[in-house]
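What follows is a short report on a single structure.
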Amino acid sequence: MTKRWMGAGLMMIVCIGSLGLQAQTQKERAEITGIAHVAFRVSDLDREVAFFGKLGFEEAFTTVRDGKILQEFVKINDRQFFELFPQTDPSQPLGWIHVCYGSEAIKDLNANYIAAGLKPSSMITFPTGNLGFSLKDPDGRQIEFQQYMPDSKPALDRGQHLGAGRVSDQLIGFEAPVKDVNAAKTFAATLGFDTANEGGNVRLSLPSDQDLTIVLHPTHVGDVPQFLLPVEDARKTAETLRDAGLKVERHDKLVFVHDPDGNTLVLMEATKETHRSRIPFRHNENQ
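According to the numbering used here, the residues represented by the sequence shown are 420 to 706, in order.
So this is what it looks like as structure tokens:
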């Protein structure tokens, strides 16, 4: 009898331990895993797609509503895209609209944010078939959070539209102006980012994505966001892009190129010996 209860007790302990481990694992998965896409509103979709084509990035798919293109997706890699929205009204501002972060447990991430006092939207299925939600940052800018679903357009495009001539195969971060650096830092920490002060700026990173580099700095007149992609050789990259008909600026290991609407891409020479997160995006002359 005693042995039977000892055995039952042992099984119960193992079961409870297993459930606890499962809950802990699920909680750990309810986090941001990296950048899924950055979205721009552009004045001319065809011209924008042609620009990215000169960088070697291919158009992957579109979403259509009422016979009109709602979004155009240009592929960086199987899990990252540039999302392009057409300007449908002259009053709509051009340029960066939002960033979307990926997660492998989107419902739990939503619940965690609610518990932390944030106000995320309800869960929805986006036109691409991904599941996710959005919320506003302290500047009122929208941020999206999505999980790639098995039958979504990004999932069905896996392994396709990966241009052999891509200037880079990863978007590792961005630099953006914010109205209040301290408020932005607190908000980012609540989202799950590691934060560090650097002068008057704040740098964000993720334990799950060591390459991710996001720099937030006080707003200055004329500031525009910059988006960072690593390249093997800055000099050769600059030459290749000039040969493709693009205007570029190279400052040592940084190559700056602008899309037709003025959005700035920073192509940074990065090797295994380079600690990517320590290199500044913005050339000093432009600060």
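Where is the CB? At the ideal position from N, CA and C, for every residue including glycine.
Close-in-space but distant-in-sequence residues of the same chain around K494 (CB under 6 Å, 5 per side omitted): Excluding positions up to five away in sequence, the list reads E477, A479, F500, H580.
G472 by DSSP, collapsed to three states: which one? Of the three classes helix, strand and coil, the one that applies to G472 here is helix, per DSSP.
When the Cα atoms are used, what is the spatial distance from A689 to E651? Linking A689 to E651 through their CA atoms gives a straight-line distance of about 6 Å.
Rounding to the nearest angstrom, what Cα-Cα distance links A524 and R577 in this structure? If you take the alpha carbons of A524 and R577, they lie about 20 Å apart.
Of the listed residues M687, V667, D671, nearest to F470 (C-alpha basis): Checking every option, the nearest Cα to that of F470 belongs to V667.
Going straight from the alpha carbon of V643 to that of F459, what length do you get? Rounded to the nearest whole angstrom, the CA to CA distance from V643 to F459 is 12 Å.
If we call anything under 8 Å between Cβ atoms a contact, is M568 one with F552? Taking C-beta atoms as the reference points, M568 and F552 fail to come closer than 8 Å.
Boundaries of the alpha helix (DSSP H) in which V600 is found, first to last residue: Membership of V600 in the alpha helix (DSSP H) is indicated by the continuous run 600-610.
Taking the alpha-carbon of I719 as reference, which of F606, A583, V461, L590 has the nearest alpha-carbon? Because the chain spans 420 through 706 in this model, residue 719 falls outside it and cannot be assessed.
Quick one, which of V685, H670, D671 has its alpha-carbon nearest H677's? Cα-wise, what sits closest to H677 is V685.
Burial state of Q443, where buried means 16 or more other Cβ atoms lie within 10 Å: Any answer about Q443 is weak, because its pLDDT of 43 lies below 50 and its placement is not dependable; what the coordinates show is given next. Classification for Q443: exposed.
Is it buried or exposed for H636, if we count other Cβ within 10 angstroms and need 16 for buried? With a 10 Å radius around the Cβ and a threshold of 16 neighbouring Cβ atoms, H636 comes out buried.
For T507, name the three-state secondary structure that DSSP assigns. In the three-state DSSP reduction, T507 falls in the coil class, being neither helix nor strand.
K538: beta carbon under 7 Å from a heavy atom of the ligand NAP? With respect to small molecules bound, the structure shown includes none, and the ligand NAP cannot be examined in it.
State the Cα-Cα distance for the pair T656 and V586, rounded to the nearest angstrom. Cα-Cα distance, rounded: 7 Å.
Any beta strand (DSSP E) of 3 or more consecutive residues that is wholly inside the region 553-633: Scanning the region 553-633 for uninterrupted beta strand (DSSP E) segments of 3 residues or longer gives 561-566, 592-597, 613-617, 620-625, listed from N- to C-terminal end.
Just the C-alpha distance for D485 and E491, rounded to the nearest angstrom, thanks. Here the alpha carbons of E491 and D485 stand approximately 15 Å from one another.
Alpha-carbon to alpha-carbon, G536 and L440: Note that L440 scores a pLDDT of 38, beneath 50, so its modelled location is shaky; the value from the coordinates is reported in the next line. Taking the straight line joining both Cα atoms gives about 26 Å.
Using only the alpha-carbon positions, how far apart do E617 and F646 sit? Taking the straight line from one Cα to the other gives about 19 Å.
Skipping 5 residues on each side, what residues in its chain have a beta carbon closer than 8 Å to that of A776? There is no way to answer for residue 776, as the model of the chain reaches only from 420 to 706.
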